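Participant: Below is a structure I'd like to ask you about.
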Amino acid sequence: LAKTTQPISMDSYEGQEVNITCSHNNIATNDYITWYQQFPSQGPRFIIQGYKTKVTNEVASLFIPADRKSSTLSLPRVSLSDTAVYYCLVGPGNTGKLIFGQGTTLQVKP
Amino acid sequence: GAGVSQTPSNKVTEKGKYVELRCDPISGHTALYWYRQSLGQGPEFLIYFQGTGAADDSGLPNDRFFAVRPEGSVSTLKIQRTERGDSAVYLCASSPYVTGGTEAFFGQGTRLTVV
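Here the protein sequences come in this chain order: D and F.
So for the first sequence, our numbering puts the first residue at 5; every next one is plus one.
So for the second sequence, our numbering puts the first residue at -12; every next one is plus one.
What follows is the structure, encoded as structure tokens:
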């Protein structure tokens, strides 16, 4: 399964757009890119998933370049409640095996 | 219930004792996963079930850990001869299918403390 690299931590302010980039140089042809969010004392929560180009939902956007060796999670106009750990996962959906890295701790300040 | 339910939410046990952790997945979800999370770390994969069978148990750390899902719904993670190093939050997740993209729904976890 492809290894991912993402920043350990990021700071932002309320109302700003936050972009978290994840590197996955060894991504395989049948791998999907998935992002999860985790608050303290809770299980991770699915945010968004994509295979290529751009995906957008009501929470975030996911940008994937043509070579798929990286991806960027974009959170528009963050609020204090977006303070959490964000995980980038890469893997084939048909294994069911989600491998989490250390994640990016996002701190949103007032 | 609407989500994945894990019981108990907290468990304190003495070193050497046996514990069982229960997971009730979302109804109809065929895939079920167990993870272990230590403070400051991402969830560590333990095992996943597709239906009743363990499709991948490569994350179980040793033979003290065992998990079952006899009827393809509820799952139990069993830990024998607990050690202090087993202390962690044990997370369960389920998903409706295991093809294409995988959106897993996680429970709140069971916090296990071995004293």
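Heads up, the beta-carbon is just placed ideally off N, CA and C, and yes, glycines get one too.
All values reported here derive from a predicted model rather than from experimental measurement.
Helix, strand or coil: which one does DSSP assign to S83/D?
Facilitator: Taking the first residue of the first sequence as 1, we reach residue 83/D at position 79. If DSSP states are grouped into helix, strand and coil, S83/D belongs with coil.
Participant: Would Y91/D pass as an interface residue toward chain F - the criterion being a Cβ-Cβ separation below 8 Å?
Facilitator: By one-based count along the first sequence, residue 91/D stands at place 87. Output row for Y91/D: interface = yes.
Participant: From what residue to what residue does the beta strand (DSSP E) around N(-3)/F run?
Facilitator: Along the second sequence, read from residue 1 onward, the residue named residue -3/F stands at position 10. First-last of the beta strand (DSSP E) with N(-3)/F: N(-3) to T0.
Participant: In this structure, does DSSP put D50/F in helix, strand or coil?
Facilitator: What you label residue 50/F is simply residue 63 of the second sequence in a count that begins at 1. Reduced to three states, the DSSP call for D50/F is coil.
Participant: If you compare alpha carbons, which of S82/F, D73/F and Y20/F is closest to L99/F?
Facilitator: Taking the second sequence and counting its residues from 1, one reaches residue 99/F at position 112. The option with the nearest alpha carbon to L99/F is D73/F.
Participant: At a Cβ threshold of 8 Å, is P30/F touching chain D?
Facilitator: Here the question's residue 30/F lines up with position 43 in the second sequence. Yes, P30/F lies at the interface with chain D (some Cβ there is under 8 Å from its Cβ).
Participant: With respect to 7 Å, is the separation between the Cβ of S83/D and the closest non-hydrogen atom of the ligand HEM below this value?
Facilitator: Ligands in the displayed structure: none, and consequently the ligand HEM is not present.
Participant: Can you tell me the Cα-Cα spacing of Y90/D and V101/F, whole angstroms?
Facilitator: Taking the first sequence and counting its residues from 1, the one referred to as residue 90/D is at position 86. Taking the second sequence and counting its residues from 1, the one referred to as residue 101/F is at position 114. Between Y90/D and V101/F, the C-alpha separation is close to 28 Å.
Participant: Strictly below 9 Å CB to CB, what residues from chain D border A80/F?
Facilitator: As a working note, residue 80/F is residue 93 in the second sequence. Within chain D, the residues near A80/F are G47, P48 and L102.
Participant: Please state if the CB of T108/D and the CB of P11/D are separated by a distance shorter than 8 Å.
Facilitator: As a first step, residue 11/D is located in the first sequence; it is residue number 7 there, counting from the start. As a first step, residue 108/D is located in the first sequence; it is residue number 104 there, counting from the start. Yes. Within cutoff.
Participant: Quick check: A18/F and I34/F, are their CB atoms within less than 8 Å of each other?
Facilitator: For the purposes of this step, residue 18/F is taken as residue 31 along the second sequence, with counting starting at 1. For the purposes of this step, residue 34/F is taken as residue 47 along the second sequence, with counting starting at 1. Contact flag unset, no.
Participant: Determine the closest residue to R81/D out of P114/D, Y40/D, G105/D and I37/D, with distance taken between C-alpha atoms.
Facilitator: Sequence index remark: in the first sequence, residue 81/D carries index 77 (1-based). Closest option to R81/D, Cα to Cα, is P114/D.
Participant: Using the beta-carbon count (16 or more within 10 Å), is K4/F buried or exposed?
Facilitator: On the second sequence, residue 4/F is found 17 positions in, with the first residue counted as 1. By the neighbour-count rule (16 or more Cβ atoms within 10 Å), K4/F is not buried but exposed.
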